[in-house]
Amino acid sequence: MVGIPREEEAVTDQPAPENPEGDEPIKQRKNSLYPGVSDELAENMKSGWADTELRDLRPVEQAPHAARRRAALSARFPGERLVIPAGNLKTRSNDTEYSFRAATEYVHLTGDQTEGGVLVLEPSGEGHDATLYLLPRSNRANGEFWLDGQGELWVGRRHSLAEAEQLLGLPSRDVRKVAEELTALDGPVRIVRGHDAGLEEALADKLDADRDEELRVFLSELRLVKDAYEIGQLQAAVDSTVRGFEDVVKVLDKAEATSERYIEGTFFLRARVEGNDVGYGSICAAGPHATTLHWVRNDGPVRAGELLLLDAGVETHTLYTADVTRTLPINGRFSELQRKIYDGVYEAQEAGIAAVRPGAKYRDFHDAAQRVLAGKLVEWGLVEGPVERVLELGLQRRWTLHGTGHMLGLDVHDCAVARTETYVDGVLEPGMVLTVEPGLYFQADDLTVPEEYRGIGVRIEDDILVTGDGNRNLSAALPRAADEVESWMARLKG
Ligand code: GLY
Ligand code: MN
Ligand code: MN
Numbered sequence: 061m062v063g064i065p066r067e068e069e070a071v072t073d074q075p076a077p078e079n080p081e082g083d084e085p086i087k088q089r090k091n092s093l094y095p096g097v098s099d100e101l102a103e104n105m106k107s108g109w110a111d112t113e114l115r116d117l118r119p120v121e122q123a124p125h126a127a128r129r130r131a132a133l134s135a136r137f138p139g140e141r142l143v144i145p146a147g148n149l150k151t152r153s154n155d156t157e158y159s160f161r162a163a164t165e166y167v168h169l170t171g172d173q174t175e176g177g178v179l180v181l182e183p184s185g186e187g188h189d190a191t192l193y194l195l196p197r198s199n200r201a202n203g204e205f206w207l208d209g210q211g212e213l214w215v216g217r218r219h220s221l222a223e224a225e226q227l228l229g230l231p232s233r234d235v236r237k238v239a240e241e242l243t244a245l246d247g248p249v250r251i252v253r254g255h256d257a258g259l260e261e262a263l264a265d266k267l268d269a270d271r272d273e274e275l276r277v278f279l280s281e282l283r284l285v286k287d288a289y290e291i292g293q294l295q296a297a298v299d300s301t302v303r304g305f306e307d308v309v310k311v312l313d314k315a316e317a318t319s320e321r322y323i324e325g326t327f328f329l330r331a332r333v334e335g336n337d338v339g340y341g342s343i344c345a346a347g348p349h350a351t352t353l354h355w356v357r358n359d360g361p362v363r364a365g366e367l368l369l370l371d372a373g374v375e376t377h378t379l380y381t382a383d384v385t386r387t388l389p390i391n392g393r394f395s396e397l398q399r400k401i402y403d404g405v406y407e408a409q410e411a412g413i414a415a416v417r418p419g420a421k422y423r424d425f426h427d428a429a430q431r432v433l434a435g436k437l438v439e440w441g442l443v444e445g446p447v448e449r450v451l452e453l454g455l456q457r458r459w460t461l462h463g464t465g466h467m468l469g470l471d472v473h474d475c476a477v478a479r480t481e482t483y484v485d486g487v488l489e490p491g492m493v494l495t496v497e498p499g500l501y502f503q504a505d506d507l508t509v510p511e512e513y514r515g516i517g518v519r520i521e522d523d524i525l526v527t528g529d530g531n532r533n534l535s536a537a538l539p540r541a542a543d544e545v546e547s548w549m550a551r552l553k554g
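Position 411, counted from 1, in the sequence shown is what my numbering calls 471; the numbers after and before it change by one each time, with no gaps.
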């Protein structure tokens, strides 16, 4: 998000020049203790406010990268009008909203994160003119500024359109006009669906579901290869995540005295202090909860002697997320069986990571890891071999459960709607970032495995960049081998 600047001090009696829409009556909340506004108060609130307009702002770091991506989008859809919304606030209850997270496509193409924003690419000559529609500063003359729940007095100062233009390098217009301006134009429109129902409804007779899906797919594929700026952001997300994992290890005794929530809260503190948020709901799964892939209730006990599967990622201020998992012995030492299973998963992950290199098939790292896991399951007598038969029939999947990884970027499951031929049936290229995350999960009620296995779940997940000649593990700072995990935990627990 574009940062809110410090306000300047020059005092003027002029109301802010923007947002001159003064006709709409401002709706007040029911049951307000201040139900009415006297003419005198309304008049009083119009003036006496400083001119805080910021001038000579530098473009944000993302601006040139976003411009390059818009150029690629323009080249793919010549002569077509394209609409990419940021999405809107969603009501939690009454007049409170969920925290807002701008649509990934919008962030990637603008560097902006403003709720309600809409990027429009209008055909022009050989290419397109890009315009960003945003909500201007609050009108002070009609009371919107202080009486409307989304007025700046309630939610904080916004950038003026002129400020946004400087920061983002895009001409900006009043978003309250966007539907009207777009409906007035002839010809079809492509929109990224699912983010702005109101705009989709207004443009319904210009839209076509298949054409819109082509746009969404293209934008998903546009994110497959990350540029140097994005790789830097992902590394920053991972670095914060490493610190968040260290925070958790340091408070495991407090988690034992309370619950998995202590772990969730501890990691969340790091995410909020250093980044925007967590990139997905943290999975803080102790004991048998580790066998539930997306355990986000995090309300269970944390017990010495059991394992903690922590799958969590910090999302940077620019919205790039890490996605890292470590499975840790809560008392600092793996039991013999825990270590055997852990080592099996570690070996599978090593094989998976070794298969990540430019020119390799995307599926290779999954196949390599699954082969190791199937071999372990046969070796431990949990499934009848040979390994080839197990793999052919997919019998290992009772315990391996999920694919071995996915693309990572602005979304934790990035590029999710890319075509199969460019993603899972595609080939790895330098600049791609993916997770390698094999696991073994023995459900507490799985009668096909010896009792001592039941309730053990292990996953190890790292974030891997495809380089020119192989790969780089962005999360290598977090120990993985069992011995290293133990000594790291001993060091942190003091
Ligand atoms: N944290 C979700 C995943 O690992 O894909
Ligand atoms: Mn994960
Ligand atoms: Mn993952």
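Note that the Cβ used here is the ideal one computed from N, Cα and C, for glycine as well.
Here residue 166 really is in contact with residue 146; their C-beta atoms are around 4 Å apart, less than 8 Å. The beta carbon of residue 468 sits closer than 8 Å to those of 294, 381, 382, 383, 474, 493, 494, 495 and 523, all from its chain and outside the five residues before and after it, given in chain order. With fewer than 16 other beta carbons inside 10 angstroms of its own, residue 91 counts as exposed. If you look at residue 258, you'll find it in the alpha helix (DSSP H) that goes 257-262. Every alpha helix (DSSP H) stretch that sits fully inside the region 418-490 and reaches 4 residues is listed by chain position as 424-439, 447-453 and 457-460. When only Cα atoms are considered, residue 161 and residue 341 end up about 14 Å apart. DSSP, read as helix, strand or coil, puts residue 323 in helix.
Between the C-alpha atoms of residue 464 and residue 369 there is a straight-line separation of about 16 Å. At least one heavy atom of ligand 2 is found less than 7 Å from the C-beta of residue 371. Taking 7 Å as the cut-off, one finds at least one heavy atom of ligand 1 near enough to the beta carbon of residue 473.
For residue 324, the distance from the CB to the nearest heavy atom of ligand 1 is not below 7 Å. Under the three-state reduction of DSSP output, residue 179 falls in the strand class. Rounded to the nearest angstrom, the Cβ distance from residue 531 to residue 417 is 6 Å, consistent with a contact under 8 Å.
Note that the region 254-273 does not touch the region 292-309; fewer than 3 beta-carbon pairs, one per stretch, sit closer than 8 Å.
The beta carbon of residue 218 lies closer than 7 Å to those of 195, 197 and 212 in the same chain, with the five residues before and after it left out.
Apart from sequence neighbours up to five positions away, the residues of its chain that approach residue 304 with a beta-carbon distance below 7 Å are 327, 330, 331, 372 and 374, ordered along the chain. In this chain, the beta strand (DSSP E) harbouring residue 232 covers 232-234. Residue environment: residue 548 is assigned as buried (16 or more neighbouring CB atoms within 10 Å of its CB, all protein chains considered). With fewer than 16 other Cβ atoms from the protein chains shown falling within 10 Å of its own Cβ, residue 107 counts as exposed. Rounded to the nearest angstrom, the gap between the Cα atoms of residue 127 and residue 100 is 48 Å.
Residue pairing from DSSP places residue 193 in a beta bridge opposite 178 and 233. Beta-bridge partners of residue 543 (DSSP): none assigned. If you check the C-beta of residue 175 against ligand 1, you find no heavy atom less than 7 Å away.
Residue state for residue 188 is assigned as strand, using DSSP reduced to three classes. At a cut-off of 7 Å, the beta-carbon of residue 383 counts as near ligand 2: some heavy atom of the ligand is closer than that. Residue 241 and residue 203 have their alpha carbons spaced roughly 26 Å apart. A distance below 8 Å between beta-carbons, with the five flanking residues on each side excluded, links residue 263 to the following residues of its chain, in chain order: 143, 239, 242, 243, 249 and 251.
Rounded to the nearest whole angstrom, the CA to CA distance from residue 117 to residue 149 is 27 Å. In its chain, beyond the 5 residues on either side, 126, 129, 130, 133, 144, 179 and 279 have a beta carbon closer than 8 Å to the beta carbon of residue 169.
Judged by the Cβ position, residue 410 fails to qualify as a neighbour of ligand 2 at the 7 Å threshold, every heavy atom of the ligand being at least this far. When the alpha-carbon of residue 386 is set against those of 343, 396 and 356, the nearest one is in 343. The DSSP-derived three-state label of residue 224 is helix. Taking 8 Å as the upper bound for CB-CB distance, residue 470 and residue 174 are not in contact here, some 16 Å apart. Beyond the five residues adjoining it in sequence on each side, residue 512 comes within less than 6 Å, by CB distance, of 397 in the same chain, given in chain order. Boundaries for residue 98: no alpha helix (DSSP H) harbours it, and the DSSP string shows neither H nor E there. In the three-state reduction of the DSSP assignment, residue 518 falls in the strand class, which pools E and B.
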